[in-house]
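Asker:
Numbering (my numbering), first residue to last: 170 to 590.
Set out below in structure tokens:
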């Protein structure tokens, strides 16, 4: 009888130890959504600005030419190590580059497995509950990623501050193409602070050692309506035909980024030829006409010169590739704002541009807000194109808070030739 009791006790003891070990082992292998280091099948919206590992992985997978932004997928979830793999591009894309996981060096493997930034997304199936819709995205936001210093040398140097691979269709920072670091060219559609159909200005500039000199002209179709071609009904319109900038036929501009950092740029703009001009469409002002005039304001630049400046602080927000806060003066208008490219939050990639213009004698106050979805394309085109709404808010003809334009703006990213090696 004692033997039977002893045997039963030993059996149950062994069973409890086995279950405990199994539970512990299972828990150690469990994928936790709040810990990206536990992911075994995941995607990373990779960017070479984040870490040199994304250059090394391209070397080891024979990617040429190198990409600055791309989709990276790792799958090491299978019990058989021979089925583990890594992919650059989408798995369903026939142009993807896929190699066995064992072809990657241990150093790079560990770096990818231990990567815990918000751009790492779990691809394994997971269970959802009623709270998931509220908290899952928030769990992926890392407080340390909110604000950080820039990671590219060119973003803090006065001589290379102009280098910019992003071309906005309307307004925004000029596209800056270097021929050799501090020597290159830039091209602009609108001013750095304007939105869609706000101005007709276009320009090209030459850059050398922090100095810039360039010429501007105009494309009349970049402003929505002009008085000369408007019908009687359009002349009474109150939407999108005021608070605009009408530039001269030919202007010259120059600026200089002060040495010891990319934080302060001063310059001037001068009219060379005002040219023949179609006057802007007039929109009736229904408030305080004695003080503010009979029509809503537009900035018309037929002659003269302007002193411009921008005081900025380059930062890195949510892993963005190019971001800054600034205070500026351009064409006599004071601005304050924030811009960022390729922000990555909870698996989403997007651009943001916000600019507040203070009112003056020539124009009313104005707030510009833009947000572009940046991961429209897949695979190698992940960040090559972005599209989103652009809204301008200002004082309406009835003196109320009003919408002056609500359009679609876009940007493209040109090549990787600008990247530091």
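Beta carbons are placed, not taken as given, at the ideal position from N, Cα and C, and that holds for glycine.
These figures come from a predicted structure and were not determined experimentally.
Could you pull the start and end residues of the alpha helix (DSSP H) that residue 541 belongs to?
Answerer: Not the alpha helix (DSSP H): residue 541 falls in the beta strand (DSSP E), residues 535-542.
Asker: In angstroms, rounded to a whole number, what distance separates the CA positions of residue 274 and residue 228?
Answerer: Each residue's Cα considered, the two are about 11 Å apart.
Asker: Looking at the structure shown, is residue 378 part of a helix, part of a strand, or coil, going by DSSP?
Answerer: If DSSP states are grouped into helix, strand and coil, residue 378 belongs with coil.
Asker: Our contact map puts residue 413 next to residue 458 with C-beta atoms below 8 Å; I'd like the distance itself, whole angstroms only.
Answerer: About 20 Å; that fails the 8 Å criterion.
Asker: With a threshold of 16 other CB atoms inside 10 Å of the CB of residue 492, please say whether the residue is buried or exposed.
Answerer: Buried is the call here.
Asker: Short check: CB of residue 620 to CB of residue 232, under 8 Å?
Answerer: Since the first residue of the chain shown is 170 and the last is 590, residue 620 is not available in this structure.
Asker: What do you reckon, are the CB atoms on residue 237 and residue 217 nearer than 8 Å?
Answerer: For residue 237 and residue 217, yes; Cβs fall inside 8 Å.
Asker: Is the distance from the Cβ of residue 512 to the Cβ of residue 505 below 8 Å?
Answerer: No, they are not a contact pair.
Asker: Where in the stretch 328-395 do unbroken runs of the beta strand (DSSP E), each at least 3 residues long, occur, reported from the N-terminal end onward?
Answerer: Listed in chain order, the complete beta strand (DSSP E) runs (minimum 3 residues) inside the stretch 328-395 are 335-337, 344-349, 352-358, 370-377 and 380-387.
Asker: Per DSSP, residue 557 is paired with what?
Answerer: Answer is 578.
Asker: Excluding the five sequence neighbours on either side, which residues of its own chain have a C-beta within less than 6 Å of the C-beta of residue 341, listed in chain order?
Answerer: Same-chain partners within the cutoff: there are none.
Asker: Give the secondary structure of residue 223 by DSSP, where H, G and I count as helix, E and B as strand, and everything else as coil.
Answerer: Of the three classes helix, strand and coil, the one that applies to residue 223 here is helix, per DSSP.
Asker: CA-CA distance, residue 318 and residue 243?
Answerer: Rounded to whole angstroms, residue 318 to residue 243 spans 29 Å at the Cα level.
Asker: With DSSP as the reference, label residue 397 as helix, strand or coil.
Answerer: Looking at residue 397 - three-state DSSP - the assignment turns out to be helix.
Asker: Expressed to the nearest angstrom, what Euclidean distance is found between the alpha-carbon atoms of residue 573 and residue 530?
Answerer: Rounded to the nearest angstrom, the two C-alpha atoms are 18 Å apart.
Asker: Quick test of the definition: if touching needs 3 or more C-beta pairs under 8 Å, does the stretch 384-391 touch the stretch 413-426?
Answerer: Touching, yes, given that three or more Cβ pairs across the two stretches are closer than 8 Å.
Asker: Can you tell me whether residue 195 is buried or exposed, with buried defined as 16 or more other CB within 10 angstroms of its CB?
Answerer: Confidence at residue 195 is low in this model, with a pLDDT of 39, below 50, so its placement is unreliable and the value that follows should be read with caution. Classification of residue 195: exposed, given that the 10 Å Cβ count is below 16.
Asker: Out of 562, 577 and 576, point me to the one whose CA is closest to residue 570's CA.
Answerer: Checked all of 562, 577 and 576; the closest Cα to residue 570 is 562.
Asker: Answer yes or no: do residue 541 and residue 524 have a C-beta to C-beta separation smaller than 8 Å?
Answerer: It is not a contact, given that the beta carbons lie outside the stated cut-off.
Asker: Pick from 578, 230 and 582: whose alpha carbon is nearest that of residue 339?
Answerer: Nearest of 578, 230 and 582 to residue 339, Cα basis: 578.
Asker: Please name the residue, chosen from 335, 555 and 282, that lies closest to residue 208 on a Cα-to-Cα basis.
Answerer: Residue 208 has its Cα closest to that of 282, out of 335, 555 and 282.
Asker: Which residues in the same chain have their Cβ closer than 7 Å to the Cβ of residue 501, if we skip the five residues on either side of it in sequence?
Answerer: Excluding residues within five positions, the ones whose Cβ falls inside 7 Å are 475, 529 and 531.
Asker: Can you give the beta carbon distance from residue 219 to residue 488, rounded, assuming they're within the 8 Å contact cut?
Answerer: With a Cβ gap of about 7 Å, residue 219 and residue 488 count as contacting.
Asker: What number of angstroms, rounded off, separates the C-alpha of residue 372 from the C-alpha of residue 211?
Answerer: Distance between the alpha carbons of residue 372 and residue 211 is about 44 Å.
Asker: Given this structure, state the Cα-to-Cα distance separating residue 522 from residue 508, to the nearest angstrom.
Answerer: Distance between the alpha carbons of residue 522 and residue 508 is about 4 Å.
Asker: In angstroms with no decimal places, state the Cα-to-Cα distance between residue 433 and residue 526.
Answerer: Cα to Cα, residue 433 sits roughly 19 Å from residue 526.
Asker: Can you check DSSP and say which residues form a bridge with residue 199?
Answerer: Its beta-bridge partners do not exist; DSSP assigns none.
Asker: Could you give the residue range of the beta strand (DSSP E) that holds residue 479?
Answerer: Note, residue 479: beta strand (DSSP E), 474-484.
Asker: Can you name, in chain order, every residue of its own chain whose Cβ lies under 7 Å from the Cβ of residue 193, other than the five neighbours on each side?
Answerer: Bear in mind that a pLDDT of 42 at residue 193, under 50, signals an unreliable position, so the number given afterwards is only what the model happens to contain. Result list for residue 193: empty, nothing under 7 Å.
Asker: For residue 235, does the three-state DSSP call read helix, strand or coil?
Answerer: Three-state result, residue 235: coil.
Asker: Which residues share a DSSP beta bridge with residue 210?
Answerer: In the DSSP output, where bridge partners are listed per residue, residue 210 has 244.
Asker: What is the residue span of the beta strand (DSSP E) that residue 451 lies within?
Answerer: Taken as a continuous stretch (DSSP letters only), residue 451 belongs to no beta strand (DSSP E), as it is neither H nor E.
Asker: List the residues that DSSP assigns as beta-bridge partners of residue 502.
Answerer: Note: residue 502 sits in a beta bridge opposite 499.
Asker: So, for residue 352: in the same chain, excluding its five sequence neighbours on each side, which residues have a beta-carbon less than 6 Å away from its beta-carbon?
Answerer: Excluding sequence neighbours, residue 352 sits near 377.
Asker: If residue 222 and residue 277 are in contact, beta carbons under 8 Å, what's the gap, nearest whole angstrom?
Answerer: The Cβ separation is near 6 Å, so the contact holds.
Asker: Just verifying my parser: in three-state terms, what is the DSSP assignment at residue 218?
Answerer: DSSP places residue 218 in coil when its eight states are reduced to three.
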